[in-house]
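Structure first, then comments.
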Amino acid sequence: MSAKRLSFILLLAALLLAAAIVPLSAAPHKDAVHIVKSGETLSGIAAYYGMNMWTLASYNGIANPNLIYVGQRLIIPTSVSTVQSSGSVHVVQPGETLTAIGLRYGIDPWAIARANGISNLNHIYVGQRLTIPQSTTSITSPKPVQPTLPTTYPGPWTGEYFDNVSLTAPPYLTRQDENVNFNWGWGPPAGGMPTNNFSVRWTGTFYFDEGTYRFYTQVDDGVRAYVDNELIIDGWRDGGSRTYKADRSLYAGNHTIRLDYYDRIQVARIHFWFVKLSGPAPTPTPGLGIGSTPTGSWFGEYYNGEGLSGVPVLTRYDPAIGFNWHSDSPAPEVWRDHFSIRWAQTVPLEARNYNFCAWTDDGVRLWVNDSLIVDEWHAANGLTYCSPYTAKRGNHVVKVEYFEHQGNALIYVWWEPK
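If you count the sequence shown from 1, position 136 lands on 135 in numbering that gives the first Met the number 0, and the numbers rise without skipping.
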């Protein structure tokens, strides 16, 4: 055999050997993306990438592994930590949720779900025996899903959806939205769009009566709001759920509102609404009965001091109990720390079981009629409490008491059918 022929054979053998070895040693790129195709299931996708279905669901914020859709973008983690399935046993009590149980044991509720074969975090039952896996990592209280606020959502809007955070044209999608009242959670705003790093611009022209209006945005991450091309709210930055507001006096007629929004990472949500102040709002007198409160509003009494004692330094109507003051004061009259608030309103409820919840820093008490159902009157660092209540059809008086000790101050209250 000639030397040239022998060299060629050795080179060919080396190439074949390299081709056989590289796929075994190659690792997937970090944070790979998989686009769901017709007929695919989450379990099949997880098996393709060599991972547990629950890991893939948890990483993408999917509560029900059976609910994925064509065009959905799934993030494929390259390395995940495992949680041991051995541990203590918890028997589910009335009113408990998997999230609350996770908080109690300082463990991700998805870890409990995986250890017990639960596909939907909302589907547990009284008396169920849950294995609590061991974990070396602690979690913080999740932010609750804010209920629909008792306010005015205008519409329709023209929405331009971009697959980037800078509203760079052309838009990926343009559509008519009935209102700007979205909580996409960990999912995309439309099929095929990314779950993060997207932006939206909404524009709409609406008729306003003459008067003074208060405009609100609740957002995670960035938002800008314009009225007739005037920037009235500028929250163009990354950050968790927070609320902005701005007052403007408008003449009677049509006015154009524009909202710019972007989501960077994790949860995506934006809500926009307004209330008419009708000029100077009358100052409620202390002790005014809640029967005089405007429909859908809370009558709030604000006190300097943590004990709700003495004469309130401020009384006003709040459209919702949904505040994150951080280290600021709720109003100029109120101290930054060591203050307390009492809210009350009459609300219509159906004949069914409800969960009443409060997310708070620091203490909170909540009554429905004369029943004290949430009693957590102590310092807390952004914890969520939920309690069940069986309501009869009709009007019910809901009262909330809150105090801020020091540091950050926040309070959110909501309820939902069980």
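Glycine included, each C-beta is placed from N, C-alpha and C at the ideal position.
Mapping DSSP to helix, strand and coil, what is Trp185?
Taking the first residue of the sequence shown as 1, we reach residue 185 at position 186. Three-state DSSP puts Trp185 in coil, outside helix and strand.
Proximity winner among Gly101, Gln92 and Glu229, relative to Thr255 (alpha-carbon distances):
Within the sequence shown, numbered from 1, the residue matching residue 255 stands at position 256. Nearest option by C-alpha distance: Glu229.
Host alpha helix (DSSP H) of Lys41 (start-end):
By 1-based counting over the sequence shown, the position of residue 41 is 42. Reading the sequence as shown, one finds Leu at residue 41 and not Lys. Leu41 to Tyr47 is the extent of the alpha helix (DSSP H) around Leu41.
Close Cβ partners of Arg128 (< 7 Å) along its chain, the five nearest in sequence each way excluded:
On the sequence shown, position 129 is the one that residue 128 refers to. Closer than 7 Å at Cβ, skipping near neighbours: Val88 and Val90.
Since Val397 and Val373 should fall inside the 8 Å C-beta cutoff, what is the C-beta to C-beta distance between them, to a whole number of angstroms?
Counting from 1 along the sequence shown, the entry for residue 397 is found at position 398. Counting from 1 along the sequence shown, the entry for residue 373 is found at position 374. Between Val373 and Val397 the Cβ distance is about 11 Å, and since that is not below 8 Å, they are no contact.
Can you check the stretch 225–255 for any beta strand (DSSP E) of at least 3 residues that lies completely inside it and give the ranges in chain order?
Counting only runs of 3+ residues, the beta strand (DSSP E) found wholly inside the stretch 225–255 occupies 229–234 and 241–249, in chain order.
Where do the ends of the alpha helix (DSSP H) carrying Ala110 lie?
Sequence index remark: in the sequence shown, residue 110 carries index 111 (1-based). Element bounds for Ala110: Pro108 to Asn115.
Ordered along the chain, which non-local residues of its own chain (more than five positions away) have a Cβ less than 6 Å from that of Asp237?
Residue 237 sits at position 238 when you count from the first residue of the sequence shown. Closer than 6 Å at the Cβ level, and outside the excluded window around Asp237, lie Asp220 and Arg263.
For Gly126, which of helix, strand or coil comes out of DSSP?
By one-based count along the sequence shown, residue 126 stands at place 127. It is coil, neither helix nor strand.
Check the Cβ-Cβ distances between Val266 and every residue of chain C, and say whether any is below 7 Å.
Here there is only one protein chain, and chain C is not present.
What does the alpha-carbon distance come out to for the pair Thr211 and Gly321?
In the sequence shown, counting from the first residue as 1, residue 211 sits at position 212. In the sequence shown, counting from the first residue as 1, residue 321 sits at position 322. Each residue's Cα considered, the two are about 22 Å apart.
Since Tyr160 and Pro153 are thought to touch, with beta carbons under 8 Å apart, how far apart are those beta carbons, to the nearest angstrom?
For the purposes of this step, residue 160 is taken as the residue at position 161 of the sequence shown. For the purposes of this step, residue 153 is taken as the residue at position 154 of the sequence shown. About 19 Å; that fails the 8 Å criterion.
Exposed or buried, which one is Pro416 when buried takes at least 16 other CB atoms within 10 Å?
Taking the sequence shown and counting its residues from 1, one reaches residue 416 at position 417. Under this definition Pro416 is an exposed residue.
First through last residue of the beta strand (DSSP E) which encompasses Ser328
The residue you call residue 328 lines up with position 329 of the sequence shown. Ser328 -> no beta strand (DSSP E), and no H or E assigned at all.
Determine whether the beta carbon atoms of Leu348 and Val399 lie at a separation below 7 Å.
Looking up residue 348 in the sequence shown gives position 349. Looking up residue 399 in the sequence shown gives position 400. For Leu348 and Val399, no; Cβs fall outside 7 Å.
I'd like to check one pair, Phe197 with Ala245: are the Cβ atoms closer than 7 Å?
Taking the first residue of the sequence shown as 1, we reach residue 245 at position 246. Taking the first residue of the sequence shown as 1, we reach residue 197 at position 198. No, the Cβ-Cβ distance between Ala245 and Phe197 is not below 7 Å.
Trp376, enclosing beta strand (DSSP E) - first and last residue:
Numbered from its first residue, the sequence shown carries residue 376 at position 377. That residue, Trp376, is in no beta strand (DSSP E); it is neither H nor E in DSSP.
Endpoints, beta strand (DSSP E) assigned at Trp156:
Reading the sequence shown from its first residue, position 157 is the one you call residue 156. Trp156 to Phe161 is the extent of the beta strand (DSSP E) around Trp156.
Reduced DSSP secondary structure (H/G/I, E/B, other) of Leu166
Walking along the sequence shown from the start, residue 166 turns up at place 167. The answer is coil: DSSP assigns Leu166 none of H, G, I, E or B.
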